[in-house]
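First up is the structure itself, then whatever we jot down about it.
Residue numbers (my numbering): 13 to 172.
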């Protein structure tokens, strides 16, 4: 789990740097090619377990490839160009919350108290991260956010 988080953080930081000056469609194209190549290499490990998928499975595979993978990464790359990678990673923590909401709305599943509590904790963590990020962005360059807030508050040293 920890290694996955480190890999995702590295992907975001390096992806943002590597995509500077390129449009989101071009970046997504090359990411999809690299992912497909890796997938094909990994599929060689399961050569003995292959069978021809039926029409339903083929349609679902196309949907997953186009809508979920390419579409999802295209939208993610578009958003990553317009915000800091730390903000994008923070927002991605909401994925499990939307997964549970989708399960309730689409499948009619019920949620337990622990799941609801977990969702509240995730939403609170994302909100706190966004608030802190907003404070950092509002602070003058070279001044830590807390010092900037103290300087702006009434009664701070040197202010009437």
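All C-beta atoms, glycine included, are put in the ideal place defined by N, C-alpha and C.
Contact between the segment 99-106 and the segment 136-143 is present: 3 or more CB-CB pairs across the two stretches fall below 8 Å. Per DSSP, reduced to three states, the secondary structure at residue 36 is helical.
Residues of the same chain with a CB within less than 7 Å of the CB of residue 27, apart from the 5 flanking positions on each side, are 92 in chain order. Counting along the chain, residue 31 sits inside no alpha helix (DSSP H), nor does DSSP assign it H or E at all. At least 9 Å separates the beta-carbon of residue 49 from that of residue 39. For residue 56, there is no enclosing alpha helix (DSSP H), as DSSP gives it neither H nor E. By the neighbour-count definition (other C-beta atoms within 10 Å, threshold 16), residue 23 is an exposed residue. Considered as a whole, the segment 91-159 harbours 97-104, 107-119 and 125-150 as its complete alpha helix (DSSP H) runs of no fewer than 4 residues, in chain order. Rounded to whole angstroms, residue 121 and residue 112 show a C-alpha spacing of 9 Å. Annotation for residue 70: the continuous alpha helix (DSSP H) segment containing it runs 67-75.
Pairing residue 123 with residue 114 gives a Cβ-Cβ distance that is not under 9 Å. Our two residues, residue 119 and residue 108, have alpha carbons roughly 15 Å apart in a direct line. Residue 73 is a Cβ neighbour of residue 65, given a cutoff of 9 Å.
The beta carbon of residue 86 sits closer than 7 Å to the beta carbons of 36, 37 and 40 from its chain, once the five residues preceding and following it are set aside; these are given in chain order.
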